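Student:
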Amino acid sequence: MAECVPPSAAELTRQLEAYSASRGHPSELVQLLRAPRLGLRSTPAFRSTDEPLLASLSTYPGLTRVPLNSLTYGAHAPFWPALASAWQVDAHRLSRDDGDDDHEDSIPAILALAAFLLSLCTQEPHNQQQAVTYIEPSLRKVLLVASSLFNLEDSAYTDMTRVCCQALANLVTDNQPLASSFFPQRLDLELDDNLIQRLLASPDHGTLQAVLIFLLNSIHGSRERALLLGTGKAGAAILDRLMTIVSVLFEDETAEGIASEEFHSDIFQLSFAIVQQLIELEAFAPAYEEHALMPGFATSPTLVTLLKFLDGHLSSSPPRARTPAALSLAGFLARQLAHLGAWLVDEGEGAQRVRNAADAAAVQGVVLVLHCLCSVGMALEERGGEGEGESGGEEEEEKAREEMAEGVEAAVRLLRFSTTLLPPPSARPPPPSSSSSPTPNPPTPSPSQEATPALAQLQRTLVQFLAVVSFSPPLTVARPAPSPRVRRAQDRVRELGGLEVLLSLCQMDERNTTMREHALFALRNLLKSNQASQDYVDAMRPQYRVGEGGELLDLPPPLRKE
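Note that UniProt numbering numbers the sequence shown so that position 166 is 166, with each residue one more than the last.
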């Protein structure tokens, strides 16, 4: 039908200019754009600047009456200023708050403009550049109006806001040169208008999805732009808002549930993909360390969420824990273990410190850091996985092992501290009281039922880390002894008193049912080919037993030394 034939670029330009000059009713613009929008959907060559593609239009029935060279909207120079004028007219109408009927009538007009722009820029770098030059200021003005707290909750704005965000995301899709210039400009503007942060507060799934796609497209493959998102003032605020949204949306999801095949959430996957870009582009550690903390807190919900994503990345399949980007995180993770451990163990605040949410978050952060370190350590020792995925060189791997070993002291201190919060299940009987004996210390309060699983998990992961960092492959003729790195880790654990703590964890404990196996394996690694540590443990074998009255009695025959 004739009315369905899209106008030529020159015709559409004249129509847009006439609409802008007369400031016609928004419904006129909706009708004006109907045929071009349908044409772009069914005939991609309308938006193209590629002449060979235009030649294919001659095969479309009903379109041969239109000169082929006039169908290229994007290549027609006057087209973009005319389209920009139409955007300006309705963006101005939308931004007015005078109760005029045009204020609401402009919403479907802008929806039509955004959908038209979305199709126009799909896989067309030239059109994307022109859209940023001519249309983006008006698009930004529209989104600022739409992202007010009141309008985000107004269903009349929802579709328009969603499509405008999709158009924004499409400006930088598969266009690295444009993203390199546009994203820094967007972050500079973000300091004043907070547009991305405002849009992230939208209750609409499609709007949130489009904003995440924009962020992912903007940083994809560029460490410079990833650092802007992670460490720039505006970028860090956006990342903080994103991690807050993730923690709220998926607060009730367990790690097992998220890892299951039944779990599907594009919001979660897009957020994960953004953090993965930070990891793979080696911008994760700077972003983490740049995050500002509240006084009195060692970590924050944002940092905990980032660590959860890092843990998921390192433990994912195919294994990513041996990639150069993952290996480069070993030193960072060891520093975080020392930082969080020192905050928990710090005696400056003493035993009077209230165990509150700050402690709970720090314990959770320590566990996640330890999981990440264990993932890297186990991946380094897995010889069966050679060739699966990208791996770092031998020098990078050895450097990562050395940096991991720097966390031994913090791990032993934390393990000793954890036994004060979750003491062994059966303590020694106290000696008989007497007037000359000192007043015994008050008994250690038992942790609450809510805290016990968290403390048990902390102990397990600490022991796992000590087992990993002291692990030595089977000895061979070429390698008759463990490496100096392993020997240093073994000796350091012994010097810090870690062997005694591990021995105390080898008894059965219903609160921590698998602790015994982990402790035995860690002791096996720490004692392997280390005569000094073996002699140290042997010297701790009991020579007497303590009676009920405190007297020393002979050991049963099976326990006596020969």
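Idealized CB from N, CA, C, for every residue including glycine.
All of these numbers come straight from a predicted model, not from anything done at the bench.
1. Buried or exposed for V142, please, with buried defined as at least 16 other CB atoms from any protein chain shown within 10 angstroms of its CB.
2. Quick check on residue 624: does DSSP put it in helix, strand or coil?
3. Rounded to whole angstroms, what is the Cα-Cα separation between A21 and V211?
4. Can you tell which of R511, V486, L344 has the C-alpha that lies nearest to the C-alpha of P423?
5. In the DSSP output, what is L552 paired with across the bridge?
6. Classify C506 as helix, strand or coil using the three-state DSSP reduction.
7. Return helix, strand or coil for C165, following the three-state DSSP convention.
8. Please report the Cβ distance between A201 and L152, rounded to the nearest whole angstrom; I am assuming they are in contact, meaning their Cβ atoms lie under 8 Å.
9. Whose C-alpha, out of E396, T419, G341, is nearest the C-alpha of G407?
10. On a Cα-Cα basis, can you pick out the residue from E548, L502, I238, L462 that is closest to I274?
11. In whole angstroms, what separates the C-alpha of V493 from that of Q123?
12. Classify I238 as helix, strand or coil using the three-state DSSP reduction.
13. Taking 7 Å as the limit between beta carbons, can you name the residues of its chain near G331, skipping five residues before and five after?
14. If you run the structure through DSSP and keep just helix, strand and coil, what is Y19?
15. Enumerated in chain order, which unbroken segments of the alpha helix (DSSP H) with a length of 4 residues or greater are wholly contained in the stretch 134-200?
16. Take every Cβ of the stretch 171-182, pair it with every Cβ of the stretch 228-235, and state whether three or more of those distances are shorter than 8 Å.
17. If distances are taken between C-alpha atoms only, which option among D491, L475, S222, L227 comes closest to A405?
18. Starting from the Cα of L421, find the closest Cα among V363, E395, F465 and give me that residue.
19. For F79, does the count of other Cβ atoms within 10 angstroms reach 16, so buried, or fall short, so exposed?
20. Do the stretch 548-559 and the stretch 498-518 meet, that is, are 3 or more Cβ pairs less than 8 Å apart?
21. DSSP three-state label for R322, please.
22. So, for L455: in the same chain, excluding its five sequence neighbours on each side, which residues have a beta-carbon less than 7 Å away from its beta-carbon?
23. State the DSSP-derived secondary structure class of P67, mapped to helix, strand or coil.
24. Taking buried to mean at least 16 other C-beta atoms within 10 Å of its own C-beta, is T476 buried or exposed?
25. To test your reading of the DSSP string, which unbroken alpha helix (DSSP H) runs of 4 or more residues are found completely within the stretch 278-349?
26. Quick one, which of C506, R541, S483 has its alpha-carbon nearest S529's?
27. Report the CB separation of L120 from N127 in whole angstroms; it is logged as a contact under 8 Å.
28. My output table needs one value for T514: the three-state DSSP class, helix, strand or coil.
29. Contact defined as beta carbons within less than 8 Å: I believe L306 pairs with L333. What is the distance between those atoms, to the nearest angstrom?
30. Measure the Cβ-Cβ separation of A156 and N217 and say whether it is below 8 Å.
31. Exposed or buried, T513, counting other C-beta atoms within 10 Å across all chains shown (16 or more means buried)?
32. By DSSP, does Y73 sit in helix, in strand, or in coil?
33. Output yes or no for whether 8 Å exceeds the beta carbon distance between Q534 and L523.
34. Hey, could you find the ends of the alpha helix (DSSP H) F250 is sitting in?
Tutor: Checking against the coordinates, here is how it stands:
1. In the sequence shown, counting from the first residue as 1, residue 142 sits at position 142. Buried: at least 16 other Cβ atoms inside 10 Å.
2. With the chain represented from 1 up to 562, any question about residue 624 goes unanswered, as that position is not in the structure.
3. As a working note, residue 21 is residue 21 in the sequence shown. As a working note, residue 211 is residue 211 in the sequence shown. The alpha-carbon of A21 is positioned some 33 Å away from that of V211.
4. On the sequence shown, position 423 is the one that residue 423 refers to. Its Cα nearest to that of P423, the residue R511 stands out among R511, V486, L344.
5. For the purposes of this step, residue 552 is taken as the residue at position 552 of the sequence shown. According to DSSP, which records beta bridges pairwise, L552 is partnered with V546.
6. As a first step, residue 506 must be located in the sequence shown, where it is residue number 506. In the three-state scheme derived from DSSP, where H, G and I count as helix and E and B as strand, C506 is classed as coil.
7. Within the sequence shown, residue 165 is the residue found at index 165, counting from 1. When DSSP states are grouped into helix, strand and coil, C165 belongs to the helix group.
8. Taking the sequence shown and counting its residues from 1, one reaches residue 201 at position 201. Taking the sequence shown and counting its residues from 1, one reaches residue 152 at position 152. So it is a contact: roughly 6 Å between Cβ atoms.
9. Translated into the one-based positions of the sequence shown, residue 407 becomes position 407. The candidate whose alpha carbon is nearest that of G407 is G341.
10. What you label residue 274 is simply residue 274 of the sequence shown in a count that begins at 1. Among E548, L502, I238, L462, the Cα nearest to that of I274 belongs to I238.
11. Walking along the sequence shown from the start, residue 493 turns up at place 493. Walking along the sequence shown from the start, residue 123 turns up at place 123. In a straight line, the C-alpha of V493 is about 58 Å away from that of Q123.
12. Here residue 238 refers to the residue found at position 238 when the sequence shown is read from its first residue. Helix at I238.
13. Translated into the one-based positions of the sequence shown, residue 331 becomes position 331. If we look at G331 and ignore the five residues flanking it on each side, its Cβ neighbours are E403.
14. Numbered from 1 along the sequence shown, position 19 holds the residue referred to as residue 19. Y19: helix per DSSP, three-state reduction.
15. With a minimum length of 4 residues, the continuous alpha helix (DSSP H) runs that stay inside the stretch 134-200 are 136-146, 149-152, 155-170, 176-193, 195-199.
16. Too few Cβ pairs lie closer than 8 Å, so no.
17. Indexing the sequence shown from 1 puts residue 405 at position 405. The candidate whose alpha carbon is nearest that of A405 is D491.
18. Here residue 421 refers to the residue found at position 421 of the sequence shown. Among V363, E395, F465, the Cα nearest to that of L421 is on V363.
19. For the purposes of this step, residue 79 is identified with residue 79 of the sequence shown, where counting begins at 1. Counting other Cβ atoms within 10 Å of its Cβ, F79 reaches 16 or more and is therefore classed as buried.
20. No: fewer than three Cβ pairs fall under 8 Å.
21. One-based indexing of the sequence shown puts residue 322 at position 322. Here DSSP, grouped into helix, strand and coil, assigns R322 to coil.
22. Along the sequence shown, one-based indexing puts residue 455 at 455. Cβ contact annotation for L455 (same chain, cutoff 7 Å, sequence separation greater than five): S418, L421, L422, P447, in chain order.
23. To locate residue 67, count along the sequence shown from 1; it is residue 67. The pLDDT assigned to P67 is 37, lower than 50, so where the model puts this residue is not dependable; a value taken from the coordinates is nonetheless given after this. P67: coil per DSSP, three-state reduction.
24. Numbered from 1 along the sequence shown, position 476 holds the residue referred to as residue 476. The C-beta of T476 has fewer than 16 other C-beta atoms within 10 Å across all chains shown, which makes the residue exposed.
25. Annotation note: the stretch 278-349 contains the following uninterrupted alpha helix (DSSP H) runs of length 4 or greater, listed N- to C-terminal: 284-290, 301-314, 324-327, 330-345.
26. Taking the first residue of the sequence shown as position 1, residue 529 is located at position 529. Among C506, R541, S483, the Cα nearest to that of S529 belongs to S483.
27. Here residue 120 refers to the residue found at position 120 when the sequence shown is read from its first residue. Here residue 127 refers to the residue found at position 127 when the sequence shown is read from its first residue. Right, the Cβ-Cβ distance comes to about 5 Å (below 8 Å), so this counts as a contact.
28. Stepping through the sequence shown from its first residue, residue 514 is reached at position 514. Residue state, collapsed to three classes: coil.
29. By one-based count along the sequence shown, residue 306 stands at place 306. By one-based count along the sequence shown, residue 333 stands at place 333. About 12 Å separates the beta carbons of L306 and L333, which is beyond the 8 Å limit, so they are not a contact pair.
30. Start at 1 with the first residue of the sequence shown, and residue 156 comes out as number 156. Start at 1 with the first residue of the sequence shown, and residue 217 comes out as number 217. Cβ atoms of A156 and N217: not closer than 8 Å.
31. Counting from one through the sequence shown, the residue named residue 513 turns up at place 513. Classification for T513: exposed.
32. For the purposes of this step, residue 73 is taken as the residue at position 73 of the sequence shown. Coil at Y73, not helix or strand.
33. As a working note, residue 534 is residue 534 in the sequence shown. As a working note, residue 523 is residue 523 in the sequence shown. No.
34. Translated into the one-based positions of the sequence shown, residue 250 becomes position 250. Note, F250: premise wrong, no alpha helix (DSSP H); not H, not E.
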